[in-house]
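Throughout, the numbering used here is defined as the position within the sequence shown, counted from one, plus 606.
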Amino acid sequence: MLAGIKRMQEVLGIQDISVTNKRVLIRVDFNVPLDKDFNITEDTRMRESISTINHCIDNGAQSVVLVGHLGRPQPQIEGQREEKYSFRHLLKRLERLLNKEVLFASSPQMAKDLQESQKNPIILVENLRFYKGEKDNTPEFAKCLADLCDVYVNDAFGTSHRKHASTYGIAAYVPVKVAGFLLKKEINSFAKALANPLRPVLLVVGGSKVSSKLTLLHNILERVDKVIIGGAMSNTFLKALGYNMQASLVEEDLIQDALDILNKAKQRGVHVYLPVDVVSSPHLEHTDQVQITPAQDIPLNHMAVDIGPATSKLFSLVIQSSQTIIWNGPLGVYEVPLFSRGSSQVAHSISNTYAFSLIGGGDTIDVLTRAGYKDSVSFISTGGGASLELLEGKILVAFEVLDRHP
607 MLAGIKRMQE VLGIQDISVT NKRVLIRVDF NVPLDKDFNI TEDTRMRESI STINHCIDNG
667 AQSVVLVGHL GRPQPQIEGQ REEKYSFRHL LKRLERLLNK EVLFASSPQM AKDLQESQKN
727 PIILVENLRF YKGEKDNTPE FAKCLADLCD VYVNDAFGTS HRKHASTYGI AAYVPVKVAG
787 FLLKKEINSF AKALANPLRP VLLVVGGSKV SSKLTLLHNI LERVDKVIIG GAMSNTFLKA
847 LGYNMQASLV EEDLIQDALD ILNKAKQRGV HVYLPVDVVS SPHLEHTDQV QITPAQDIPL
907 NHMAVDIGPA TSKLFSLVIQ SSQTIIWNGP LGVYEVPLFS RGSSQVAHSI SNTYAFSLIG
967 GGDTIDVLTR AGYKDSVSFI STGGGASLEL LEGKILVAFE VLDRHP
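In structure tokens:
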């Protein structure tokens, strides 16, 4: 894990090269949520790329072309596109954030035309996932993108685990390939949390499934001192310890894996904390039968939907005694207000510490935002799957194709 992080830290950053009079293409992560009227509801990912874009503009780039994706549209068929995934919806917000005019290109070819006809343009290209060549990483599409630039900048940490044309394939056809400020900040923050952290190091992990974080739990035990497990995934661990979880979500086929993780943690001297009490309910929609019970006494036909007050106090004490905290995954069905208290209280506890706190995962960030603590943590990673793979000890493929310090 440490060797992989160090290798990723060695990539050249945009500050290490000259962009003056160069055509620069920046792979941004503008995969932001939109409401039913196509209005942006949360623009953190866009804001995080502004410093990289402004650096290119301020240092005399000949043109700045921005490419990325939004959602998971079907590749276009005979020019037809899904309107809800169009980058057109992002144009006004981007102009407001940059305080500059941004031209919209409905295709890479149109971006090429704008480069040749306009002076020092800033160009936003339509959602690349409208093109089959993007996800398939075809040489033809990668060359098409490479034809737009002399310098390629990856500033999209959230997709740096994907071998797509705009994150991987393009690098084979561009002479200079570097990381943007956000990409460097992301990897340096993970290095701070994992490579040389202040101890004790605490991992807070939640979410619905053990299966999605199985590799993470196995690989990170050698780097942390304490682990808090909550959310629906804790049900499988409690079931492995012999608790009757009633109607709670349990991954029966992973019970032995849960036991293996608990045994491995014990052998390494890592303390694992599980819920001691839970909020339970027979259903999520109607909350008239909600109960708080010990974790081993969940009522018949009830399911655990949140951690209980005793668990919140226990987890808070563990958090307060930690110097480095990594949090990925909510600790309950936080989308239902009555079942969000546990996650909110953990967010409050983390925000009240002096520890270095690294937050990853879209749902976890949503918890922080709803609870009002988004600005009270050390670093929020913009990558969901990418941050998870990094915590699992993997080298993100997009880093492998960037230029490195000699």
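All C-beta atoms in this analysis are idealised placements derived from N, C-alpha and C, irrespective of residue type, glycine included. Model, not experiment: these values are computed from the prediction.
- Residue 765 and residue 905 have their C-alpha atoms spaced approximately 43 angstroms apart.
- The alpha carbon of residue 832 has as its nearest neighbour, out of 703, 1005, 968 and 923, the alpha carbon of 923.
- For the segment 756-817, the full-length alpha helix (DSSP H) segments reaching 4 residues or more read 787-800 along the chain.
- Collapsing the DSSP output to three states places residue 900 in a strand.
- One alpha carbon belongs to residue 933, the other to residue 714, and they sit about 38 angstroms apart.
- Check the Cα spacing between residue 935 and each of 981, 895, 994 and 916: the tightest is with 994.
- Segment contact: the segment 905-916 against the segment 870-879, fewer than three CB-CB distances shorter than 8 angstroms; contact not assigned.
- Residue 744 carries a coil assignment under DSSP once its states are collapsed to helix, strand and coil.
- Taking the CA atoms as reference points, residue 704 sits about 15 angstroms from residue 667.
- With a cut-off of 8 angstroms on Cβ pairs, the segment 754-772 is in contact with the segment 992-1012, counting three or more such pairs.
- Residue 893 holds the alpha-carbon nearest to the alpha-carbon of residue 945 among 931, 893, 921 and 928.
- Check the Cα spacing between residue 902 and each of 834, 853 and 675: the tightest is with 853.
- Rounded to the nearest angstrom, the Cβ distance from residue 842 to residue 861 is 6 angstroms, consistent with a contact under 8 angstroms.
- Of the residues assessed, residue 721 falls on the buried side of the cut-off, its CB having 16 or more other CB atoms within 10 angstroms.
- Taking the CA atoms as reference points, residue 887 sits about 6 angstroms from residue 895.
- The beta carbon of residue 814 sits closer than 7 angstroms to those of 837, 838, 839 and 855, all from its chain and outside the five residues before and after it, given in chain order.
- The closest CA to that of residue 617, considering only 792, 955, 835 and 785, is found on 785.
- Note: residue 719 is not bridge-paired with any residue in the DSSP secondary-structure output.
- The alpha-carbon separation between residue 627 and residue 799 amounts to approximately 38 angstroms.
- Cβ neighbours of residue 658 within its own chain (closer than 7 angstroms, five residues either side excluded): 620, 632, 759, 761, 786, 787 and 788.
- Here the alpha carbon of residue 776 sits roughly 25 angstroms from the alpha carbon of residue 688.
- Distances from the CA of residue 1004 to each of 783, 723 and 638 were compared; the closest alpha carbon is that of 783.
- Counting along the chain, the unbroken alpha helix (DSSP H) around residue 846 starts and ends at 839-846.
- In the DSSP assignment, residue 963 forms a beta bridge with 931.
- Counted as a single uninterrupted DSSP element, the beta strand (DSSP E) harbouring residue 835 occupies residues 832-835.
- In this structure, residue 743 lies away from residue 675, with their beta-carbon atoms at least 8 angstroms apart.
- Contact between the segment 692-708 and the segment 741-755 is absent: fewer than 3 CB-CB pairs across the two stretches fall below 8 angstroms.
- Residue environment: residue 737 is assigned as buried (16 or more neighbouring CB atoms within 10 Å of its CB, all protein chains considered).
- One thing to note: residue 949 has its Cβ no nearer than 8 angstroms to the Cβ of residue 960.
- The beta carbons of residue 709 and residue 681 sit about 24 angstroms from each other, so the pair does not count as a contact at 8 angstroms.
- Beyond the five residues adjoining it in sequence on each side, residue 741 comes within less than 7 angstroms, by CB distance, of 735 and 770 in the same chain, given in chain order.
- Collapsing the DSSP output to three states places residue 937 in coil.
- At a Cβ-Cβ threshold of 8 angstroms, residue 835 and residue 808 do not count as neighbours.
- Closest in alpha carbon position to residue 982, among 662, 963 and 968, is 963.
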